[in-house]
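Okay, so the sequence shown: first residue is 591 according to my numbering, each after it adds one. The C-beta atom is built at its ideal place from N, Cα and C for all residues, glycine as well.
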Amino acid sequence: LLLTIAGALPPSQGQALLGDAPVGAHTIGRAIAMTPEDAHLFGTTLLENLRVANGTTTEDQARAALEAVQLGAWLDSLPDGLHTPLGSGGNTVSGGERRRLLLARALLSPAPIHLIDEPAEHLDADGVDALRSLVSAMRAQGRSVVIVTHDLGILDVVDKVVTLDEY
Numbered sequence: 591l592l593l594t595i596a597g598a599l600p601p602s603q604g605q606a607l608l609g610d611a612p613v614g615a616h617t618i619g620r621a622i623a624m625t626p627e628d629a630h631l632f633g634t635t636l637l638e639n640l641r642v643a644n645g646t647t648t649e650d651q652a653r654a655a656l657e658a659v660q661l662g663a664w665l666d667s668l669p670d671g672l673h674t675p676l677g678s679g680g681n682t683v684s685g686g687e688r689r690r691l692l693l694a695r696a697l698l699s700p701a702p703i704h705l706i707d708e709p710a711e712h713l714d715a716d717g718v719d720a721l722r723s724l725v726s727a728m729r730a731q732g733r734s735v736v737i738v739t740h741d742l743g744i745l746d747v748v749d750k751v752v753t754l755d756e757y
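Written out as structure tokens, the structure reads:
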């Protein structure tokens, strides 16, 4: 579903539109950003992993995004801060840290529409609170956030809930 909304996968019938225009590969990144459940962390620095969403992200913006997802203390504990390598595939971070890093990346994206798959996966209670704050902050910026999840406990920050068995 998210791949179709993003324009990466054509619909099996009908069409996917953004306004009056069909969505396609050209919409990903510019108008639509996506954080899939299995989004990749690269074997480079923390800062460069965050810049995947926005190549002009400054160190201050990266730090603010990490603090927004409650990774500020973790960042301060890293030997080289934002310049600490994450290892191949992000294998040096826990599942919860990985998910929060991906949410920080989402916050840094300038796209007005963001699609997030299973955002609460691997998050503890504090992480879920950070997720709620992140979604609220993105909405306050006038951005649209589409969440696909099995965890109905995080849906208190959304305007509308659609269940697929309705269609």
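Nearest to residue i (by Cα), restricted to the options the options
i	options	result
His704	Leu745, His712, Leu693	Leu693
Pro626	Ala701, Ser602, Ala596	Ala596
Within-8 Å CB hit, residue i to chain B
i	result
Leu640	Included in the structure is just one protein chain, with no chain B present.
Test item: CB-CB of residue i and residue j under 8 Å
i	j	result
Ala721	Asn644	Reading off the sequence shown, one finds Leu at residue 721, where the question assumed Ala. No, these two residues do not count as a Cβ contact at 8 Å.
Ser678	Gly614	no
Leu691	Asn639	yes
Arg620	Ala701	yes
CB-CB length for residue i against residue j, believed under 8 Å
i	j	result
Leu591	Val738	6 Å
Gln660	Gly717	7 Å
Leu631	Leu676	6 Å
Arg695	Val735	About 14 Å; that fails the 8 Å criterion.
Same chain, Cβ closer than 8 Å to residue i, five either side skipped, listed in chain order
i	result
Gln605	Pro612
Close Cβ partners of residue i (< 7 Å) along its chain, the five nearest in sequence each way excluded
i	result
Gly686	His712, Leu713, Asp714, Gly717
Nonlocal neighbours in the same chain, by C-beta distance under 6 Å from residue i, ignoring five residues either side
i	result
Leu672	Leu636, Leu637, Glu649, Ala652
Three CB pairs or more closer than 8 Å across the segment 706-713 and the segment 645-661: No: the two stretches stay apart, fewer than three of their Cβ pairs being nearer than 8 Å.
Contact between the segment 743-756 and the segment 717-732 (3+ Cβ pairs under 8 Å): Yes: the two stretches touch, three or more of their Cβ pairs being nearer than 8 Å.
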